[in-house]
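Residue numbers (this note's numbering), protein chains in the order written: chain C, 476 to 589; chain Z, -1 to 111. Note that CB positions come from ideal geometry on N, CA and C, so glycine has one too. Structure first, commentary second.
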């Protein structure tokens, strides 16, 4: 079952604009991660934010986490055509089987128009 | 360091057959997880292996199985293939735990006819 739900499902912007994607989840988490996937390929890790953190930056990426609202957002500033991809949030939660499990949302498909 | 590798990259099988997919994690990584990705269900967790033991399992039927070898390489097997098993199968590795950053391989695209 999906834990994270991304919003919007698809987003189309002009190059140079900012892109914001949101993720909501249902249960307590240890951390939340964002991944990028270019068409039909493997996922690439972008950023990890722990449950005791509120905001994190990495280059043009800014991630926020609100555990009281069980939501996160990913902001990509000054977008480029190369940012065109699907973006997934993944929540890490204790599985009860002695380890943690990463559960992915269905993703946001971002198109950056040159 | 070399990344996660998966073989084969593409596979076509017919219903009822079985298939084995292979994954070689990044050197030094001991946790290997498998995911199934389909347009309808998205990315779904199959299982995680650590030190040759299955540590975690997703909600998939027993036709899906896996194993991990002493060098951390992992294989997954799907028996009695069904049309609905057509998907991109992704393997990911991490140092120790399934909660850490996952490093994904390019995937194996399986088509069941």
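Same chain, Cβ closer than 7 Å to residue i, neighbours up to 5 away in sequence not counted
i, result
"residue 476 of chain C", "With a pLDDT of 47 at residue 476 of chain C, under the threshold of 50, the modelled position of this residue cannot be trusted; read the value that follows with caution. Nothing meets the Cβ criterion."
"residue 483 of chain C", "583"
"residue 545 of chain C", "499, 500 and 501"
Beta bridge counterpart(s) of residue i as assigned by DSSP
i, result
"residue 591 of chain C", "The shown model of chain C, from 476 to 589, leaves out residue 591 of chain C, and the question about it has no answer."
"residue 36 of chain Z", "Z:40"
"residue 501 of chain C", "Paired residues: none, contrary to the question."
"residue 482 of chain C", "C:497"
"residue 107 of chain Z", "Z:8 and Z:86"
Interface flag, residue i vs chain C, CB-CB below 8 Å
i, result
"residue 115 of chain Z", "A query on residue 115 of chain Z cannot be resolved here, the shown segment of chain Z reaching from -1 to 111 and no further."
"residue 73 of chain Z", "no"
"residue 109 of chain Z", "no"
"residue 53 of chain Z", "yes"
"residue 50 of chain Z", "no"
"residue 102 of chain Z", "yes"
"residue 43 of chain Z", "yes"
"residue 5 of chain Z", "no"
C-beta contact flag for residue i and residue j at 8 Å
i, j, result
"residue 50 of chain Z", "residue 25 of chain Z", "no"
"residue 519 of chain C", "residue 554 of chain C", "no"
"residue 80 of chain Z", "residue 13 of chain Z", "yes"
"residue 524 of chain C", "residue 540 of chain C", "yes"
"residue 4 of chain Z", "residue 106 of chain Z", "yes"
"residue 581 of chain C", "residue 40 of chain Z", "yes"
"residue 15 of chain Z", "residue 85 of chain Z", "no"
"residue 575 of chain C", "residue 527 of chain C", "no"
Beta-carbon contacts of residue i that lie in its chain and below 8 Å, excluding the five residues immediately before and after
i, result
"residue 533 of chain C", "521 and 522"
Cut-off 6 Å between Cβ atoms - residues of its own chain near residue i, not counting five sequence neighbours on either side
i, result
"residue 579 of chain C", "563 and 565"
"residue 75 of chain Z", "18 and 63"
"residue 549 of chain C", "496, 509 and 538"
Residue i, enclosing beta strand (DSSP E) - first and last residue
i, result
"residue 90 of chain Z", "85 to 92"
"residue 530 of chain C", "530 to 533"
"residue 577 of chain C", "575 to 579"
Residue-chain proximity (residue i, chain Z), Cβ-Cβ < 8 Å
i, result
"residue 578 of chain C", "yes"
"residue 544 of chain C", "no"
"residue 491 of chain C", "no"
"residue 506 of chain C", "yes"
"residue 511 of chain C", "no"
"residue 581 of chain C", "yes"
"residue 532 of chain C", "no"
Residue i: contacting residues in chain B (beta-carbon distance under 8 Å)
i, result
"residue 95 of chain Z", "Absent from the structure is chain B; the protein chains it does hold are C and Z."
Check: residue i C-beta below 7 Å from any heavy atom of the ligand NAP
i, result
"residue 99 of chain Z", "For the structure depicted, the ligand NAP is absent and the ligand set is empty, with no information on it obtainable."
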